[in-house]
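In the numbering used here, the protein residues as written are 548 to 963.
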């Protein structure tokens, strides 16, 4: 039996397919319009569009002014990290250099509670860049009033430092108690190889709490007497809580002093914890609320599960947020708003001191979310590492759409 050449068979098949497509009846009776779910209540809108941002990662209102301070992070190719000061005006086009740091990565900064009087700025940096053995450093600097209230680089004074070459943490803030809280990661690139998460004899994988206003005899700070591990043998008394992999962003509710910590997970889970004295958040025995390396020994406190956790289906690099009291978005008043760098999703949550009372996804964006802030004008801001700063705004109304069909018989597919 003769067989058609392969090329001829292909041509015949193509012609038959085209003929079938030509005979297909167009489906014009569809009732499928829109989405089965309503749109999320919020979206984002770019702001400060007159500024060309380069890798912004953090923003903070400068108290007593109408200005915002923004970190643009440097890289490993001799590009310095900067803190830029801008007017809180959507049409602003100019930036002012507030501080510049070379040879180290700048992760975060905070201002002393009496910043208006003493001009003290505390920065969190890691370096030297490009080297395998790096350290985290907390430094205090002061403003040079003669130079227009910008940071005097010669005023830098190291407060505390420790080794960290990956999962560095990176945030710091003053609590209502006047103490300085600092987030630290496990200091490694994978799976807590140094077993730092449960080891409070070092400063990694923890939240530290120190008193920078009352230096000790041999240190530029003192350890508060009510810190939980000051009497534990071989423990670092600076530790306030531990068991964290990479707590990237931390913020305080200014009305009740509650501190929220967002932490990056590894294989499957991202988490948020409300910080409490002496708690153990489990890493690396647990990842979130789930076993990770159960053969590893827990530190000197029982495991406390996260306040919130997300599977990697919806979050893969969680960025801690802020508690919002700006007034522009009444629906979010008093809510903790946070997001994810990898997926761009944003959530809101409320807590009554005992449990979550509300938690839902509020926006789905394409942003690489590195931080959140509230502007002097009360706008809730998202810091996008890729392109700049955005406002969270209410989703515009879409008008009345037909009800989305919930049954196959309602789709109109059988009407033609």
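No residue lacks a Cβ here, since even glycine has one placed at the ideal position from N, Cα and C.
To the nearest angstrom, how far is it from the Cα of residue i to the Cα of residue j?
i	j	result
residue 595	residue 868	20 Å
residue 619	residue 755	25 Å
residue 730	residue 587	32 Å
residue 591	residue 722	30 Å
residue 847	residue 935	42 Å
residue 683	residue 872	32 Å
residue 641	residue 690	21 Å
residue 549	residue 912	At residue 549 the pLDDT is 45, less than 50, meaning the model places this residue with poor confidence and gives no usable figure here.
residue 883	residue 833	24 Å
residue 743	residue 617	31 Å
residue 942	residue 877	14 Å
residue 728	residue 685	11 Å
residue 850	residue 786	16 Å
residue 985	residue 720	Outside the modelled stretch of the chain, which goes from 548 to 963, sits residue 985, for which no answer is possible.
Tell me the DSSP secondary structure of residue i in three-state form.
i	result
residue 943	coil
residue 910	strand
residue 694	helix
residue 684	strand
residue 856	strand
residue 801	coil
residue 845	coil
residue 794	strand
residue 665	helix
residue 628	strand
residue 592	strand
Please identify the residue among the options whose C-alpha is closest to the C-alpha of residue i.
i	options	result
residue 757	739, 788, 779, 736	788
residue 804	839, 823, 909	823
residue 669	708, 681, 679, 635	708
residue 821	727, 856, 840	856
residue 854	895, 874, 888	895
residue 836	845, 842, 818, 844	818
residue 663	692, 645, 811, 749	692
residue 737	908, 839, 880	839
Count the other C-beta atoms from every protein chain shown that fall within 10 angstroms of the C-beta of residue i, then say buried if there are 16 or more, exposed otherwise.
i	result
residue 858	exposed
residue 905	exposed
residue 704	exposed
residue 813	buried
residue 632	buried
residue 746	buried
residue 661	exposed
residue 667	buried
residue 695	exposed
residue 783	buried
residue 954	exposed
residue 735	buried
residue 781	exposed
- Message: Taking 8 Å as the cut-off, does the segment 607 to 616 touch the segment 891 to 900 (at least 3 CB pairs, one atom from each stretch)?
- Response: no
- Message: Assess contact between the segment 649 to 656 and the segment 711 to 718, defined as three or more Cβ pairs (one per stretch) separated by less than 8 Å. Is contact present?
- Response: yes
- Touch test, the segment 761 to 778 against the segment 793 to 812, Cβ-Cβ under 8 Å, three pairs minimum: Under the 8 Å Cβ criterion, the segment 761 to 778 does not count as touching the segment 793 to 812, having fewer than three qualifying pairs.
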